[in-house]
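Numbering (full-length UniProt numbering), first residue to last: 1 to 618.
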């Protein structure tokens, strides 16, 4: 056979990879056990924390979220969007694609379990079945674009309803040159926009002296500080005069700790709604180097310490912290790669001699080691990362708290995409690929085509375990329980302090956005290639939707709110998953060969690129 032609026939795509069904059952058992432990703890401890947990709160899933913040409404809309898309696709496409992928009448083959339902198990003589996968790609793309457009339109209407009571916009202007006085600044803004201006002056950064230093120096001051006309000032007399002047200056600091200069470094502009577009379009070009940021009317979303710093310094610090975040991703890539390689340990034993001891492990224990343990390792790494990224984001010099939240979302989403999806997809076939390539370098194209689909079965278990875990975590809310227990036992336990803890948000809504976006991207990529991924993804997202809505009603507008901006970023991220799915499907069509033609699916490959072009035009 021509090594450049990849013949996917007689079930050869998943040959020797047969125990995935046992691994899938193991992941279900582990996920159900974790969920049972969390929900059991919830049932036992709910009486002690009855003010926080109430089973009757689940009745509120039928209520609206009009009183919640826009970020909470956007998260609910995102879960509803993904549940509808994956649910409808699973209902109509899984009964069609799974029987077509099934390898019939090959009892002597080593294929069994979930590997029988892989897209690459289409027989050489039945490549016409792949027309159904092209039709499924058209269906999924159209359904995704239609529902995304509807949800975005509804969210825009809700956003206008929240903003209908405000007739003006507020903007923060930074990097005002120090040489401009207050009167000149007010005159400039009035001439440019005809708006109301509130100037915030730069304050003296000198630290006031402590009171004990004042009392100590006061005793050294002489009562006679004025010289006589006949007496020449002596060095001791001049020293006492300086001490007296220091005393007056220190007393002024105690009465007025900060001295204001006669120029401003910050300005707040109040502009009517009709003129708000002028600020966004004209301000950056007309009055360089000024920079504008939309803020709320209460101005509680501004980080004043960072806003007073020059933009060049803020940019430099942000670049440095971004490099640190990327370094963290590189360091944490090692355990993720190890966990993905552990999921392939049974396959590695066929090519690596010193792993023969794995074959002596009981089959049931091997199923847990190969599928459940890697999922738990990845989940542990993913659970540790938010705290580290949140700490690193606190060192960024963002002007508003909303910018800090958006930056945290981007870092966390990028980390999840690289570590929990891309690196796992590569690592799940990388070790097997390298071991086989060392034995037969001429089979590189075929080896890649045979090993890449293995990640689909891995993510079936991943989506199942994550669905159980997130659903149970939303019900039990263990993060709140551990935080309250630790602070009440080791820190202050006053009623006011405990009430402040109880009023906190039940979970990080930004982190939940990133997690749901990851699940949506994975399910989108494998929706046609491995249609069985749609079952755990749709069921898990539906359960998460039911468990999350009661908690979303507790989220109110705060200083860290992004006014729904994260929702639009997540939609763009989901389109990235849609592009990856289409490109992977085009690669399968290009690689598949038959007995009569070298490339049996050239027309289907061209049809896939037509989908991408239509999607870009839409």
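Glycine included, C-beta positions come from ideal geometry on N, C-alpha and C.
Predicted, not measured: the structure shown is a model, and the values here were computed from it.
- With respect to residue 86, residue 469 sits apart: the two C-beta atoms are not nearer than 8 Å.
- Per DSSP, residue 147 has no beta bridge partner at all.
- Residue 307 and residue 398 have their C-alpha atoms roughly 8 Å apart.
- Shown here for residue 518: same chain residues with a beta carbon closer than 8 Å to its own, the five before and five after excluded, namely 413, 416, 417, 420, 421 in chain order.
- Annotated as distal: residue 411 and residue 303, with beta-carbon spacing of 8 Å or more.
- The three-state secondary structure of residue 293, taken from DSSP, is strand.
- Following the DSSP letters along the chain, one finds residue 396 in no alpha helix (DSSP H), marked with neither H nor E.
- The beta-carbon separation of residue 524 and residue 577, rounded to 4 Å, stays under the 8 Å limit for a contact.
- Distances from the CA of residue 292 to each of 175, 101, 581, 133 were compared; the closest alpha carbon is that of 175.
- Pairing residue 510 with residue 79 gives a Cβ-Cβ distance that is not under 8 Å.
- Of the candidates 535, 150, 403, 535 places its Cα closest to the Cα of residue 460.
- One thing to note: residue 296 has its Cβ within 8 Å of the Cβ of residue 170.
- Residue 136 sits away from residue 81, with the two beta carbons spaced by 8 Å or more.
- The residue among 476, 575, 551, 84 with its C-alpha nearest the C-alpha of residue 37 is 476.
- An exposed status is given to residue 161, since fewer than 16 other beta-carbon atoms sit within 10 Å of its beta-carbon.
- With contacts defined as CB atoms closer than 8 Å, residue 408 and residue 389 qualify as a contacting pair.
- Per the coordinates, the alpha-carbon of residue 586 lies some 51 Å from the alpha-carbon of residue 299.
- Put simply, the backbone Cα of residue 331 is about 24 Å away from that of residue 516.
- When secondary structure is reduced to three states using DSSP, residue 173 falls in the strand class.
- Taken through DSSP and simplified to helix, strand or coil, residue 266 comes out as strand.
- Rounded to whole angstroms, residue 140 and residue 91 show a C-alpha spacing of 12 Å.
- Taking each of 100, 540, 70 in turn and checking the Cα distance to residue 131, the smallest one comes out for 100.
- For residue 467, the closest C-alpha among the options 526, 528, 533, 402 is that of 533.
- The DSSP-derived three-state label of residue 529 is coil.
- Contact check for residue 89 and residue 541: beta-carbon distance about 12 Å, past the 8 Å limit, so the pair fails to qualify.
- Taking each of 33, 148, 133 in turn and checking the Cα distance to residue 570, the smallest one comes out for 148.
- In this structure, the CA atom of residue 290 is about 27 Å from the CA atom of residue 323.
- It is roughly 10 Å from the alpha-carbon of residue 156 to the alpha-carbon of residue 74.
- Residues of the same chain with a CB within less than 7 Å of the CB of residue 328, apart from the 5 flanking positions on each side, are 388 in chain order.
- Sequence-distant Cβ neighbours of residue 318 in its own chain, meaning closer than 7 Å and more than five residues away, are 396, 397.
- Listed in chain order, the non-local C-beta contacts of residue 316 below 6 Å within the same chain number zero, local neighbours out to five positions each way being set aside.
- The continuous stretches of alpha helix (DSSP H) do not include residue 300, and DSSP gives it neither H nor E.
- Taking all protein chains shown into account, residue 150 has fewer than 16 neighbouring C-beta atoms within 10 Å of its C-beta and is therefore exposed.
- The three-state secondary structure of residue 549, taken from DSSP, is helix.
- Here DSSP, grouped into helix, strand and coil, assigns residue 310 to coil.
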